[in-house]
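Trainee: Here it is, the structure in full.
In our numbering, the protein residues as written are 521 to 682.
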């Protein structure tokens with residue numbers, strides 16, 4: 521992060537970028553709402569294992585209805601391509617994706633979002649719709665409770681009925 525801060529502290533960029541560091545959770549929505557574009561440039565794990573992390577921040581980005589430029593890395597790409605949506609939902613482009621670590625693709629994606637606001641807004645609307653329809657806490661808790669209900673029901677069945 522020190523390298524990023526050093527680059528973005530240049531007067532040409534300082535007026536366009538804010539790197540506030542850690543902020544209290546209650547203040548996060550205001551910071552997100554002040555953003556024009558969300559960046560999620562994740563890199564692969566150095567040991568080659570699959571990237572996995574909590575996508576909460578990604579869902580927050582989607583819900584804020586702002587354009588997203590992100591690495592097409594494991595679950596990040598799967599979410600932003602709509603791969604986790606139910607089979608009845610049409611797949612949709614919800615972000616500009618780039619190969620992880622590919623600086624020129626990342627910059628091209630960022631430029632695309634800046635230079636084509638109508639497409640960027642359309643992607644942002646689709647991302648918000650997907651977040652609200654599929655990735656809310658209510659949705660996830662409902663899915664967990666449904667699964668637990670099935671497990672409980674199966675446990676009550678006699679072995680011959682399983």
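Beta carbons: idealized from backbone N, C-alpha and C, even for Gly.
Excluding five sequence neighbours on each side, which residues of the same chain lie with their C-beta closer than 8 Å to the C-beta of residue 565?
Mentor: Excluding sequence neighbours, residue 565 sits near 571.
Trainee: Is it buried or exposed for residue 600, if we count other Cβ within 10 angstroms and need 16 for buried?
Mentor: Under this definition residue 600 is a buried residue.
Trainee: Take every Cβ of the segment 643-661, pair it with every Cβ of the segment 575-583, and state whether three or more of those distances are shorter than 8 Å.
Mentor: Touching, yes.
Trainee: Whose C-beta lies closer than 6 Å to the C-beta of residue 588 among residues of the same chain, with five residues either side of it excluded?
Mentor: Answer for residue 588: 558, 581 and 615, listed in chain order.
Trainee: Going along the chain, which residues of its own chain have a beta-carbon closer than 8 Å to the beta-carbon of residue 598, five neighbours each way excluded?
Mentor: Cβ neighbours of residue 598 beyond the five flanking positions: 604.
Trainee: If I follow the unbroken beta strand (DSSP E) through residue 560, where does it start and stop?
Mentor: Element bounds for residue 560: 558-560.
Trainee: Report yes if the CB atom of residue 651 is closer than 7 Å to the CB atom of residue 583, and no otherwise.
Mentor: Yes.
Trainee: Would you report the Cα separation of residue 539 and residue 527, rounded to the nearest angstrom?
Mentor: Computed Cα separation, rounded: 12 Å.
Trainee: Which of the three DSSP states is assigned to residue 654 in this structure?
Mentor: Note: residue 654 maps to helix in three-state DSSP.
Trainee: Compute the Euclidean distance between the alpha carbons of residue 567 and residue 617, then round it to the nearest angstrom.
Mentor: Their backbone Cα atoms lie some 23 Å apart in a straight line.
Trainee: Just to check my reading of the structure: residue 628 and residue 592 have Cβ atoms closer than 8 Å, yes? What is that Cβ distance to the nearest angstrom?
Mentor: Wrong, their Cβ atoms sit about 13 Å apart, outside the cutoff.
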